[in-house]
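Asks: Can you read through this structure? Questions will come right after.
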């Protein structure tokens, strides 16, 4: 790494006097994997991202005009099949958002990961503290939050970012014009209500005060902790598609693509491809 | 490979007499890349897939009730910025679908690719001929096609599968209950109207007879050939998000995720991550 730093100095103006930057680990000229190309570089992902926010806006307009009886928050103890949802009463309307790779693209952090830097919790913590200078708002996100404001629907942010970095996260959302976010008011971070990364306890807390008409996230755990129960990969996919969840996608639960990190990335060949859908390709020997 | 086949025979009933299968190239016990895990194994992708079809159904119901003046087919010669669209007149309503990884998940073929078998055109041709036994309908697709039927909206299939395999493709769509598809009627394949893989000429042909209210695909080329004009990766993403296209995602143009193959998978670090959004991570040296 030292050698690479010195070589870089020949190219960069001000290198001799500026604080020495921690360079991107690009010495090996890595080929970016398809997941990064898709998520951060492609028009296709941009299209999916905007689709989610457009669908949210249309859905929120409809719910603002026709109040639902129930929220889209799965009730405590409910299974996902024939799920029960917390009632709305006459509470004000809200939408619950995840933050990372949902409202915000973490370009600065992910460029280093794409270049081969392995994940470290301590670095992610520095990234949270670094705030909003190397991030961008997700395509469509500002437009959706503006639309919710016009509809008098409150945005709630539920993230597993650290509570100790709450001020930096609030500032980042402000800077991206996605705020205001206020910790313990409409911003709920890791451990704020219960220990652990599950978000159900925070959703239930929010649902005491609001009628949550929609949730938006890039991980199934942004919708219900039931998806993070231990289960085989094919069963989890079936649970997402064929349970009560199946009817909610694009109709109360709005999902953003993320093939780069998270709970979607599990399984080997036998988990991902059903045994009865293998192709023998007899023609290969002709 | 021979050695692997013999070892497999110890495990599989009927191996001695059955036609020798071309095995999955699994001898090296490959780790499946995140793109395959996401697309074919995850509940997250299932959720995105269902979202697209749910959004399509809602949109089609609205357009069946309120006929649009214009189709969503970009007019010949129109740029994507302030795009012009072909008029509907009083033509019957239709929706144009791509097939592969849009209406159909090619599990049998992609299991082999995920296991490391490199792409070959001849194998893909055998796969087209093999038809519908090792594929499944995309989650949500049958439901959407049924809904269109109820609305008297015609599905049109525009695919770059080979015209010489049209009968097998028709049979596959029938078997998956996604048809009926009839070549040169509502099924348009590679080269049917003009040479090359561009789909504009086929869209314009379809728009002579139908008011195309929606298009559905996993590649930006399923919506306009303009996205396949030579241009830098960041410009293509901007074109998808900020041109007239930006307003169509989820509102006439419906996109399915595909981080596994296709036009989304381009670019190196410098194409994908803007230079002004790099993170120096000064804390790494503290």
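Residue numbers (this note's numbering), protein chains in the order written: chain A, 1 to 286; chain B, 1 to 286.
Ideal placement from N, C-alpha and C gives every residue a C-beta, glycine not left out.
1. Hey, how far is the Cα of residue 180 of chain A from the Cα of residue 130 of chain A?
2. Can you pull the chain A neighbours of residue 277 of chain B, defined as C-beta to C-beta under 9 Å?
3. Secondary structure at residue 157 of chain A, three-state DSSP: helix, strand or coil?
4. In chain B, what lies closer than 8 Å to residue 165 of chain A by C-beta?
5. Under 8 Å, do residue 157 of chain B and residue 97 of chain B count as touching if we go by C-beta distance?
6. Using DSSP bridges, identify the partner residues of residue 255 of chain A.
7. Just to confirm, is the Cβ distance from residue 241 of chain B to residue 50 of chain A under 8 Å?
8. How many angstroms separate the CA atom of residue 281 of chain A from the CA atom of residue 127 of chain B?
9. Under 8 Å Cβ-Cβ, which residues of chain A neighbour residue 291 of chain B?
10. Taking the alpha-carbon of residue 88 of chain A as reference, which of A/234, A/238 and A/214 has the nearest alpha-carbon?
11. Below 8 Å on the Cβ atoms is my contact criterion, and I expect residue 113 of chain B with residue 272 of chain A to pass it. Report the Cβ-Cβ distance as a whole number of Å.
12. Measuring only the C-alpha atoms, how far is residue 279 of chain B from residue 111 of chain A?
13. Taking 8 Å as the CB-CB cut-off, is residue 139 of chain A touching chain B?
14. In terms of residue numbering, what span does the beta strand (DSSP E) encompassing residue 85 of chain A cover?
15. Classify residue 12 of chain B: buried if its beta carbon has 16 or more other beta carbons within 10 angstroms, exposed otherwise.
16. Express the C-alpha separation of residue 212 of chain B and residue 206 of chain B in angstroms, rounding to a whole number.
17. Is it true that the CB of residue 93 of chain B sits closer than 8 Å to the CB of residue 75 of chain B?
18. Hey, which unbroken runs of the beta strand (DSSP E) at 3 residues or more fall wholly within the stretch 84-115 of chain B?
19. Quick check on the DSSP output: the beta strand (DSSP E) that includes residue 74 of chain B runs from which residue to which?
20. Secondary structure at residue 137 of chain B, three-state DSSP: helix, strand or coil?
21. How about the stretch 157-175 of chain A and the stretch 186-200 of chain A: do they share at least three Cβ pairs that are nearer than 8 Å?
22. Which same chain residues, not among the five before or five after residue 202 of chain A, have their C-beta less than 7 Å away from its C-beta?
23. Out of B/267, B/269, B/257 and B/283, which one is the CA nearest neighbour of residue 35 of chain B?
24. State the CB to CB distance for the pair residue 80 of chain A and residue 132 of chain A, rounded to an integer number of angstroms; the pair is presumed to be in contact (CB under 8 Å).
25. Which term fits residue 82 of chain B, buried or exposed, when burial requires 16 or more other beta carbons within 10 angstroms of its beta carbon?
26. Of the choices B/33, B/44 and B/38, whose alpha-carbon is the least far from that of residue 248 of chain A?
27. Counting C-beta neighbours from all protein chains within 10 Å, is the total for residue 120 of chain A 16 or more, i.e. buried, or is it exposed?
28. My guess is that residue 38 of chain B and residue 232 of chain A are in contact by the Cβ rule of under 8 Å, so how many angstroms apart are they, rounded?
29. Which residues does DSSP list as the beta-bridge partners of residue 249 of chain A?
30. Who does residue 212 of chain A pair with in a DSSP beta bridge?
31. Where does the unbroken alpha helix (DSSP H) through residue 189 of chain A begin, and where does it stop?
32. In three-state terms, what does DSSP make of residue 66 of chain A?
33. Tell me which residues share the same chain as residue 63 of chain A and place their Cβ nearer than 6 Å to its Cβ, disregarding the 5 neighbours each side in the sequence.
34. Tell me which residues share the same chain as residue 224 of chain A and place their Cβ nearer than 6 Å to its Cβ, disregarding the 5 neighbours each side in the sequence.
35. Using only alpha-carbon positions, find the residue among A/153, A/209 and A/175 that is nearest to residue 337 of chain A.
36. Across which residues does DSSP place residue 183 of chain A in a beta bridge pair?
Replies: From the atom records:
1. On the first chain, position 180 is the one that residue 180 of chain A refers to. On the first chain, position 130 is the one that residue 130 of chain A refers to. Roughly 18 Å separates the two Cα atoms.
2. As a position in the second chain, residue 277 of chain B is number 277, starting the count at 1. The answer, in chain order, is 105, 107, 108, 111, 133, 134, 135 and 136.
3. By one-based count along the first chain, residue 157 of chain A stands at place 157. Here residue 157 of chain A carries a strand assignment [DSSP, helix/strand/coil].
4. Sequence index remark: in the first chain, residue 165 of chain A carries index 165 (1-based). By Cβ distance, chain B contributes nothing, its closest Cβ being about 13 Å from residue 165 of chain A, past 8 Å.
5. Counting from one through the second chain, the residue named residue 157 of chain B turns up at place 157. Counting from one through the second chain, the residue named residue 97 of chain B turns up at place 97. With respect to residue 97 of chain B, residue 157 of chain B sits close: the two C-beta atoms are nearer than 8 Å.
6. In the first chain, the residue the question calls residue 255 of chain A occupies position 255. Beta-bridge pairing links residue 255 of chain A to A/217.
7. For this step, residue 241 of chain B is matched to residue 241 along the second chain. For this step, residue 50 of chain A is matched to residue 50 along the first chain. The beta carbons of residue 241 of chain B and residue 50 of chain A sit closer together than 8 Å.
8. One-based indexing of the first chain puts residue 281 of chain A at position 281. One-based indexing of the second chain puts residue 127 of chain B at position 127. Those two C-alpha atoms are separated by around 8 Å.
9. The displayed coordinates of chain B run from 1 to 286. Any statement about residue 291 of chain B would go beyond what the structure contains.
10. Within the first chain, numbered from 1, the residue matching residue 88 of chain A stands at position 88. Measuring from the Cα of residue 88 of chain A, the nearest candidate turns out to be A/214.
11. Within the second chain, the letter at position 113 stands for residue 113 of chain B. Within the first chain, the letter at position 272 stands for residue 272 of chain A. Actually they do not touch by this definition, with Cβ atoms about 12 Å apart.
12. Locating residue 279 of chain B in the second chain gives position 279, counting from the first residue. Locating residue 111 of chain A in the first chain gives position 111, counting from the first residue. Between the C-alpha atoms of residue 279 of chain B and residue 111 of chain A there is a straight-line separation of about 8 Å.
13. Sequence index remark: in the first chain, residue 139 of chain A carries index 139 (1-based). So, interface residue.
14. Residue 85 of chain A sits at position 85 when you count from the first residue of the first chain. It spans 85-87 - the beta strand (DSSP E) in which residue 85 of chain A sits, taken as one unbroken run.
15. In the second chain, counting from the first residue as 1, residue 12 of chain B sits at position 12. Note on residue 12 of chain B: pLDDT 32, under 50, position unreliable in the model; no value is reported.
16. Locating residue 206 of chain B in the second chain gives position 206, where the first residue counts as 1. Locating residue 212 of chain B in the second chain gives position 212, where the first residue counts as 1. Roughly 8 Å between the two C-alpha positions.
17. Position 75 of the second chain holds residue 75 of chain B. Position 93 of the second chain holds residue 93 of chain B. No, Cβ-Cβ distance for residue 75 of chain B and residue 93 of chain B is not below 8 Å.
18. The DSSP assignment places 85-87 and 93-97 as complete runs of the beta strand (DSSP E) inside the stretch 84-115 of chain B, in order along the chain (cut-off: 3 residues).
19. If you number the second chain from 1, residue 74 of chain B lands on position 74. For residue 74 of chain B, the enclosing beta strand (DSSP E) begins and ends at 70-74.
20. Locating residue 137 of chain B in the second chain gives position 137, where the first residue counts as 1. Residue 137 of chain B falls in the strand class under three-state DSSP.
21. A contact is defined here as three or more CB-CB pairs under 8 Å, and the stretch 157-175 of chain A meets this definition with respect to the stretch 186-200 of chain A.
22. Residue numbering aside, residue 202 of chain A sits at position 202 when the first chain is read from its first letter. Excluding sequence positions up to five before and after residue 202 of chain A, its CB lies within less than 7 Å of the CB of 158, 188, 192 and 193, all in the same chain and listed in chain order.
23. Within the second chain, residue 35 of chain B is the residue found at index 35, counting from 1. Closest by alpha carbon: B/257.
24. The residue labelled residue 80 of chain A in the question sits at position 80 within the first chain. The residue labelled residue 132 of chain A in the question sits at position 132 within the first chain. Contact flag wrong, Cβ pair sits at about 35 Å.
25. Indexing the second chain from 1 puts residue 82 of chain B at position 82. The residue is exposed, with fewer than 16 neighbouring Cβ atoms inside 10 Å.
26. Reading the first chain from its first residue, position 248 is the one you call residue 248 of chain A. With distances taken between CA atoms, residue 248 of chain A lies nearest to B/44 out of B/33, B/44 and B/38.
27. Sequence index remark: in the first chain, residue 120 of chain A carries index 120 (1-based). By the neighbour-count rule (16 or more Cβ atoms within 10 Å), residue 120 of chain A is not buried but exposed.
28. By one-based count along the second chain, residue 38 of chain B stands at place 38. By one-based count along the first chain, residue 232 of chain A stands at place 232. With a Cβ gap of about 17 Å, residue 38 of chain B and residue 232 of chain A do not count as contacting.
29. For the purposes of this step, residue 249 of chain A is taken as the residue at position 249 of the first chain. Secondary-structure assignment with DSSP links residue 249 of chain A through a beta bridge to A/253.
30. The sequence position of residue 212 of chain A within the first chain is 212, counting from 1. DSSP lists A/94 as partners of residue 212 of chain A.
31. As a working note, residue 189 of chain A is residue 189 in the first chain. Annotation: residue 189 of chain A is outside any alpha helix (DSSP H); the continuous beta strand (DSSP E) that includes it extends over 187-190.
32. To locate residue 66 of chain A, count along the first chain from 1; it is residue 66. Look at residue 66 of chain A here: in three-state DSSP terms it is coil, with no helix or strand label.
33. By one-based count along the first chain, residue 63 of chain A stands at place 63. Cβ neighbours of residue 63 of chain A beyond the five flanking positions: 213.
34. Position 224 of the first chain, counting from 1, holds the residue named residue 224 of chain A. Listed in chain order, the non-local C-beta contacts of residue 224 of chain A below 6 Å within the same chain comprise 74, local neighbours out to five positions each way being set aside.
35. Residue 337 of chain A is absent from the structure shown; chain A starts at 1 and stops at 286.
36. Along the first chain, one-based indexing puts residue 183 of chain A at 183. Beta-bridge partners assigned by DSSP to residue 183 of chain A: A/187.
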